[in-house]
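Residue numbers (our numbering): 124 to 339. Note that CB positions come from ideal geometry on N, CA and C, so glycine has one too. Computed from a predicted model, the values in this text were never measured in an experiment.
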């Protein structure tokens, strides 16, 4: 279902220009390879692909102030909610970008990222749309270029067909997979941070799948 646009957000989001790159701002070569400089420090760079309303990244950044975090989201209306959460927590280790993940290689330099997070992405269930899935081998090759050697991808979804597809893609790409779970909430995981979507659908009894992928 397409979300109804909120035109007022286009102006309101500029309240957070110190840590948000909004739709009407340029992003690209001037930031590529310079994220440590933008954050003002050298620290591991973790990137969430599809930040949504920001529950995950805001809690993660608060829990791990030693890391730099970037959240990427295409829908500015949604990212505005994330920006408010980051501002309320006064987090200095987060940047949020309105950006199309299809062009992620335009904003990060090779080896600049330490870890990617993909949480509950669009499963694109039709076979003809398989290449749009963020765990398709085409995307994995992009992540490989941008990650440091030994970098990681942490992946969660409630969609079992997407999870099975993803495991096959990881194998095809020659990646190492670890910590695989087909029912995350049945396990003792005190370090798990739930997204808005995860909290809602696990409450309905949906099983959450999770794994970590290592790019050696």
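- Query: Cβ of residue 320 within 8 Å of Cβ of residue 239?
  - Reply: Working through the chain shown from its first residue, we reach residue 320 at position 197. Working through the chain shown from its first residue, we reach residue 239 at position 116. No, these two residues do not count as a Cβ contact at 8 Å.
- Count the C-beta pairs between the stretch 256–271 and the stretch 284–292 that are closer than 8 Å, then say yes if the count reaches three, no if not. yes
- Task: Kindly indicate which three-state DSSP category residue 261 falls into: helix, strand or coil?
- Result: The residue given as residue 261 occupies position 138 in the chain shown. Of the three classes helix, strand and coil, the one that applies to residue 261 here is helix, per DSSP.
- Query: Pick from 230, 285 and 246: whose alpha carbon is nearest that of residue 266?
  - Reply: Here residue 266 corresponds to residue number 143 of the chain shown, with the count starting at 1. The residue with the shortest Cα to Cα distance from residue 266 is 230.
- In whole angstroms, what separates the C-alpha of residue 217 from that of residue 308? Taking the first residue of the chain shown as 1, we reach residue 217 at position 94. Taking the first residue of the chain shown as 1, we reach residue 308 at position 185. Going from the Cα of residue 217 to the Cα of residue 308 covers about 27 Å.
- Residues bridged to residue 304 (per DSSP): Numbered from 1 along the chain shown, position 181 holds the residue referred to as residue 304. The partner list for residue 304 (beta bridge, DSSP) reads 333.
- Item | Buried versus exposed, by CB contacts within 10 Å (16 or more), residue 208 | In the chain shown, the residue the question calls residue 208 occupies position 85. Answer is buried; the Cβ neighbour count reaches 16.
- Query: Which word fits residue 221, buried or exposed, when buried means at least 16 other C-beta atoms lie within 10 angstroms of its C-beta?
  - Reply: Residue 221 sits at position 98 when you count from the first residue of the chain shown. By the neighbour-count rule (16 or more Cβ atoms within 10 Å), residue 221 is buried.
- Quick one: give me the first and last residue of the beta strand (DSSP E) that residue 202 is part of. Translated into the one-based positions of the chain shown, residue 202 becomes position 79. Note, residue 202: premise wrong, no beta strand (DSSP E); alpha helix (DSSP H) at 199–211.
- May I ask which residues mark the beginning and end of the beta strand (DSSP E) holding residue 241? Position 118 of the chain shown holds residue 241. Unbroken beta strand (DSSP E) run through residue 241: 236–242.
- Item | Cα-Cα separation between residue 141 and residue 175, rounded to whole angstroms | Numbered from its first residue, the chain shown carries residue 141 at position 18. Numbered from its first residue, the chain shown carries residue 175 at position 52. For residue 141 and residue 175, the distance between alpha carbons rounds to 19 Å.
- Enumerate in chain order the residues of its own chain whose CB-to-CB distance from residue 181 is below 6 Å, with the five nearest sequence positions on each side excluded. On the chain shown, position 58 is the one that residue 181 refers to. The answer, listed in chain order, is 208, 209 and 212.
- Is the CB-CB distance between residue 316 and residue 179 below 8 Å? Working through the chain shown from its first residue, we reach residue 316 at position 193. Working through the chain shown from its first residue, we reach residue 179 at position 56. Contact flag set, yes.
- Task: Quick one: grab the DSSP three-state call for residue 224.
- Result: Along the chain shown, read from residue 1 onward, the residue named residue 224 stands at position 101. In the structure shown, residue 224 sits in a helix (DSSP, three-state: H, G or I).
- At least three beta-carbon pairs within less than 8 Å, the stretch 154–174 to the stretch 190–203: yes
- Message: Give the list of continuous alpha helix (DSSP H) stretches no shorter than 4 residues that lie fully inside the stretch 164–191.
- Response: 178–186
- Message: Beta-carbon within less than 6 Å of residue 330's beta-carbon, same chain only, minus the 5 sequence neighbours each way: which residues are those?
- Response: Position 207 of the chain shown, counting from 1, holds the residue named residue 330. Same-chain partners within the cutoff: 306.
- Message: Please state whether the Cβ-Cβ distance between residue 278 and residue 224 is less than 8 Å.
- Response: In the chain shown, counting from the first residue as 1, residue 278 sits at position 155. In the chain shown, counting from the first residue as 1, residue 224 sits at position 101. Taking 8 Å as the Cβ cut-off, residue 278 and residue 224 do not qualify as a contacting pair.
- Keeping to the same chain, check which residues put their C-beta closer than 8 Å to that of residue 126; ignore five residues upstream and five downstream. Taking the first residue of the chain shown as position 1, residue 126 is located at position 3. Interpretation of residue 126 is limited by its pLDDT of 49, a score under 50 that renders its predicted location unreliable; the figure taken from the coordinates is listed afterwards. Counting only Cβ-Cβ distances below 8 Å, and skipping sequence neighbours, we find 198, 200 and 201.
- Query: Distance, Cα to Cα, residue 235 vs residue 333?
  - Reply: Within the chain shown, residue 235 is the residue found at index 112, counting from 1. Within the chain shown, residue 333 is the residue found at index 210, counting from 1. So the two alpha carbons sit approximately 24 Å from each other.
- Coarse secondary structure for residue 218, derived from DSSP in three states: The sequence position of residue 218 within the chain shown is 95, counting from 1. It is a strand residue.
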